[in-house]
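Peer 1:
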Amino acid sequence: MARGPKDVTPEFTEEYARWRRKLAEHERKHPPNRKRFSTWSDMEVPLICTPEEIKDFDYLRDLGFPGEFPYTRGVQTNMYRGKMWTMRQFSGFGTAEDTNARYKMLLRGGQHGLSVAFHMPTLMGYDSDSPESKGEVGKCGVAVDTLADMETLFDGIPLDEITTSMTINSPAPILLAMYVAVAEKQGVPREKIRGTLQNDILKEYIAQKEWIYPPKPSMRLVADTLEFCTKELPNWNTISISGYHIREAGATAAQELAFTIADGIAYVQAGLERGLDVDDFAPRLSYFWDVHSDFFEEVAKFRAGRRMWARIMRDRFKAKSPRSWMLRTHAQTAGVSLTAQQPLNNISRVTLQALAAVLGGTNSLHTNSMDETLALPTEQAVMVALRTQQIIAEESGAANVVDPLGGSYFVEWLTNKIEKEACRYIHKIDEFGGMLASIEKGFPQAEIANAAYHFQRQIETKQKVMVGVNKYESKEKDLPIDVLCIDKTAEERQKNRIADVKRRRDSGRAGSALAGLKKAAQGKENMMPHILECVRSYCTVQEICDVLRGVFGVYRDPGMY
Amino acid sequence: MCSEGFSGYIEIRECIEMPQKKTAPRKTSGTKPAKKSGAMVSAPARKVRVLIAKPGLDGHDRGAKVIARALMEAGFEVIYTGLHQTPEMIISAAIEEDVHVVGLSILSGAHNALVPEIIEGIRKSGGDDTLFLVGGIIPDDDIPSLRKLGVHMVFTPGASIESVVAYIRKNVKTRTLS
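So the sequences go chain by chain: A and B.
Numbering of the first sequence is given in the working numbering, commencing with residue 1 and proceeding in unit increments.
Numbering of the second sequence is given in the working numbering, commencing with residue 1001 and proceeding in unit increments.
Put into structure tokens, the structure is as follows:
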């Protein structure tokens, strides 16, 4: 079989050796400004890549064509010419009315789809009037306690015309049920609603830490939604397998790939254990990557991820449908890379990161706003972030050609290198007995904590430079930028709203819905129909979660560092 | 980063709490705080004890964990509460562990609601000379009011580990060390 570029001839090898000698001579006079050059994830990179460094490269095997196995070059045949990536800004704050107004502004501004940020109490399964929610109502996202809030959130937004992504994990089945119930009220049939549920509980234990129940019953809830969606919501993405939070917690690019794909493997196994056919549910699994600051490392990561998933799905899980092989992904620029110092610089960071995601072939993108390290973004900052995507799409030319960096000696070398490192981790996780067992051993958590600490040390010792943080700091106070203040009345308004809903609902129906859910949770049946009934009877998020807490128990942070 | 040579797993099966009969599951106290101390200091009796705590629902613990490890390496004895602690849990951990320094890490915007209760509780329970530090996303405008409430120092993004270590060394009430 023909392997590798034919460029590695004896003549090439001789020439390369000659140039290397010349380089050594040159560097005696002009030494490199650092001892070691590495990516943001601290993967060492060579000065130059040539045919020699990728001599095993095989175009058809390693890249293929866009829209074809192994999808290294992208999942769509003509990529952005045929379908521009979805511009989807994650947003939510205050009450449902506040956020509804922001959504309408974003849709008027040319955004394609919605992405709901829920506030901490909803994410953790508490109501706004719970003692645990003190000070958190509407702060990091929108307060949703009952179906009434969800109705307000999507008021005047027809659910058959937009796609909605919901970042929700432990209470994911509840919020999904609310969305389905809102669609019912709007008269939109189930097969017409399109969107994504994050529903990725494994990465909560690994990185984001928004868990409620222990891992095993949590996986049962994931499998319940997977089964429900596969049968009832054909156009819904059931799990958004997320590397974003893993990376933000401090993982390297290769760890992000490995831990996320290992989570994906666990979800596929969970679906198979439910008796579902892999080709019936795998096409609705999607991914969510972080886009960090090292431009080429990110491009390589996106490409390596698609190739890995395609091979895993075809060879390991024997999926037959090409749609099961495709790693479709959303991406978000790295929140952790934003700096509170000299915040306007964040616009430049986000632009470079967004360009990397596009050149990496993302299918959907959120660009962070420059002020997000200080508070939730202002309208002006969100608009700049959205316009950044539009400038890349319309002005930069990056969307004209499929995978324009494909074939670069360096990008192919780095793609291989990251893939190899990620595969090594996946092998190790397999040895532990899969991701659930690895989490129980604290393996990914420890690896991420180590990487985060290593990175912080590199910042402290200036081995890695963050502009405005450990180099080029301003002596004067930073230019002031406006910061969004959450209306202090949100908490009060929301508490009144819950009281009002509880007063008006049919309490007998709500009570028997909760009792029905409890019985289902104690048994083995799918809990989704019962959760739907709870939601339709205006049970609160916490009432539903408390039933499940009572049956499943709760999970506590091991507190390792 | 290399994946070889990692150590110190905690079996998380210990972290599952089943509800007691009739009591609400989350009323029970949190996991026993993880305690580690640096090997560099030879006189453990004189070690400064630091509690790093994560109040509220905020799950951002990257900074808290990095600081906990760095303080340990700097020779302090560090107790990390883990996530999702109520003010009462933090107050009782501070008292039971008899710490000199309490570092609260908050990135969710809930600082104004959570910090006063914790400081007041610790002071009332005898921790009068505790050094209170807050780290995280704290808007400049909120810093003066936090200082007035008794927070000795607020460390915002960009603060170096070194500056935190130096601040503690300089300001911790050494008379409480025995």
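Positions of the beta carbon are idealized from the N, C-alpha and C atoms, including for glycine.
Between Gly1063(B) and Gly1136(B), what straight-line distance do the alpha-carbon atoms span, to the nearest angstrom?
Peer 2: Their backbone Cα atoms lie some 8 Å apart in a straight line.
Peer 1: State the start and end residues of the unbroken beta strand (DSSP E) segment that holds Val1154(B).
Peer 2: Element bounds for Val1154(B): 1153 to 1155.
Peer 1: Counting along the chain, where does the beta strand (DSSP E) carrying Arg503(A) start and finish?
Peer 2: Run containing Arg503(A): none in the beta strand (DSSP E); it sits in the alpha helix (DSSP H), 490 to 504.
Peer 1: Using a Cβ cut-off of 7 Å, pull out every chain B residue sitting near Met120(A), in sequence order please.
Peer 2: Residues of chain B passing the Cβ test: Leu1057, Asp1058, Ser1108.
Peer 1: Answer with buried or exposed for Leu47(A), where buried requires no fewer than 16 other C-beta atoms within 10 angstroms of its C-beta.
Peer 2: Looking at its Cβ environment, which holds fewer than 16 other Cβ atoms inside 10 Å, Leu47(A) is exposed.
Peer 1: Whose C-beta lies closer than 7 Å to the C-beta of Thr1028(B) among residues of the same chain, with five residues either side of it excluded?
Peer 2: Model confidence at Thr1028(B) stands at a pLDDT of 35, short of 50, so the residue's coordinates are unreliable and nothing is read from them.
Peer 1: Please state whether DSSP places Asn416(A) in a helix, a strand or coil.
Peer 2: Three-state DSSP puts Asn416(A) in a helix.
Peer 1: Taking the CB atoms as reference points, tell me whether Val1048(B) and Glu1077(B) lie closer together than 8 Å.
Peer 2: Result yes, Cβ atoms of Val1048(B) and Glu1077(B) sit closer than 8 Å.
Peer 1: Under a CB-based cut-off of 8 Å, is Ala1039(B) close to chain A?
Peer 2: Below a pLDDT of 50, predicted positions are generally treated as unreliable, and Ala1039(B), at 46, falls in that range; the measurement from the model is reported next regardless. It does not: the Cβ of Ala1039(B) has no partner Cβ on chain A nearer than 8 Å.
Peer 1: Mind checking who Ala1053(B) pairs with in its DSSP beta bridge?
Peer 2: According to DSSP, Ala1053(B) bridges with Leu1104(B).
Peer 1: Using DSSP with H/G/I as helix, E/B as strand and the rest coil, what is Tyr59(A)?
Peer 2: Residue state, collapsed to three classes: helix.
Peer 1: Leaving aside the five residues before and after Cys545(A) along the sequence, list all residues of the same chain whose C-beta is less than 7 Å from its C-beta, in chain order.
Peer 2: Result list for Cys545(A): Gly125, Pro171, Ile212, in chain order.
Peer 1: Please confirm if the segment 406 to 421 of chain A is in contact with the segment 246 to 266 of chain A, defined as three or more CB-CB distances below 8 Å between the two stretches.
Peer 2: Yes: the two stretches touch, three or more of their Cβ pairs being nearer than 8 Å.
Peer 1: Using the beta-carbon count (16 or more within 10 Å), is Asn496(A) buried or exposed?
Peer 2: Answer is exposed; the Cβ neighbour count stays below 16.
Peer 1: Take the Cβ of Trp19(A) as the centre, count every other Cβ of all protein chains shown within 10 Å, and call the residue buried at 16 or more, exposed below.
Peer 2: Classification of Trp19(A): exposed, given that the 10 Å Cβ count is below 16.
Peer 1: Can you tell me whether DSSP reads Ala520(A) as helix, strand or coil?
Peer 2: In this structure, Ala520(A) counts as helix in the three-state DSSP scheme.
Peer 1: With H, G and I counted as helix, E and B as strand and the rest as coil, what does DSSP make of Met79(A)?
Peer 2: Looking at Met79(A) - three-state DSSP - the assignment turns out to be helix.
Peer 1: Look at the Cβ atom of Phe69(A), then the Cβ atom of Trp309(A), and state whether they are nearer than 8 Å.
Peer 2: In this structure, Trp309(A) does not lie closer than 8 Å to Phe69(A) by Cβ.
Peer 1: Quick one: is Ala449(A) near chain B, going by C-beta distance under 8 Å?
Peer 2: Answer yes: the Cβ-Cβ gap between Ala449(A) and chain B drops below 8 Å somewhere.
Peer 1: Is it the case that the Cβ atoms of Thr1086(B) and Ile1052(B) are separated by a distance below 8 Å?
Peer 2: Result no, Cβ atoms of Thr1086(B) and Ile1052(B) do not sit closer than 8 Å.
Peer 1: Within the 8 Å Cβ cut-off, does His1152(B) reach chain A?
Peer 2: It does not: the Cβ of His1152(B) has no partner Cβ on chain A nearer than 8 Å.
Peer 1: Using a cut-off of 7 Å between C-beta atoms, extract the partners of Cys140(A) located in chain B.
Peer 2: Within chain B, the residues near Cys140(A) are Ser1108, Gly1109.
Peer 1: For Ala1113(B), return the contacting residues in chain A, with the cut-off set at a CB-CB distance below 7 Å.
Peer 2: Residues of chain A passing the Cβ test: Lys134, Gly135.
Peer 1: Which first and last residues belong to the alpha helix (DSSP H) in which Phe296(A) is found?
Peer 2: It spans 295 to 311 - the alpha helix (DSSP H) in which Phe296(A) sits, taken as one unbroken run.
Peer 1: Kindly list the residues whose CB is nearer than 7 Å to the CB of Gln208(A), restricted to its own chain and excluding five residues on each side of it in sequence; keep chain order.
Peer 2: Around Gln208(A): His245.
Peer 1: Please identify the residue among Gly1059(B), His1100(B), Val1066(B), His1060(B) whose C-alpha is closest to the C-alpha of Arg1123(B).
Peer 2: Closest option to Arg1123(B), Cα to Cα, is His1100(B).
Peer 1: So Arg1062(B) contacts chain A; which residues on that side make the cut at Cβ distance below 7 Å?
Peer 2: Result: Ala249, Gly250, Ala452.
Peer 1: Using CA coordinates, which residue listed in Ser218(A), Leu548(A), Leu285(A) is at the minimum distance from Cys229(A)?
Peer 2: For Cys229(A), the nearest C-alpha among the options comes from Leu285(A).
Peer 1: Report the rounded CA-to-CA distance for Leu202(A) versus Val554(A), giving the unit in angstroms.
Peer 2: Whole-angstrom Cα-Cα distance: 15 Å.
Peer 1: So the alpha helix (DSSP H) Val1134(B) belongs to, where does it begin and stop?
Peer 2: Run containing Val1134(B): none in the alpha helix (DSSP H); it sits in the beta strand (DSSP E), 1131 to 1136.
Peer 1: Given a limit of 8 Å on CB to CB distance, which residues of the segment 1159 to 1175 of chain B reach chain A?
Peer 2: Listed in sequence order: Ser1160, Ile1161, Glu1162.
Peer 1: I want to see whether chain A comes within less than 8 Å of Pro1116(B), judged by CB atoms only; does it?
Peer 2: Judged by the 8 Å Cβ criterion, Pro1116(B) is not in contact with chain A.
Peer 1: What are the start and end residues of the alpha helix (DSSP H) that includes Leu176(A)?
Peer 2: Unbroken alpha helix (DSSP H) run through Leu176(A): 172 to 186.
Peer 1: Could you check whether Val501(A) and Thr122(A) sit closer than 8 Å to each other, using their CB atoms as the reference points?
Peer 2: Contact flag unset, no.
Peer 1: Going by C-alpha distance, which of Ala258(A), Gln494(A), Val350(A) is nearest Ile448(A)?
Peer 2: Here the closest residue by C-alpha is Ala258(A).
Peer 1: Measure the C-alpha to C-alpha separation of Asp557(A) and Tyr205(A) and round it to an integer number of angstroms.
Peer 2: One C-alpha to the other measures close to 9 Å.
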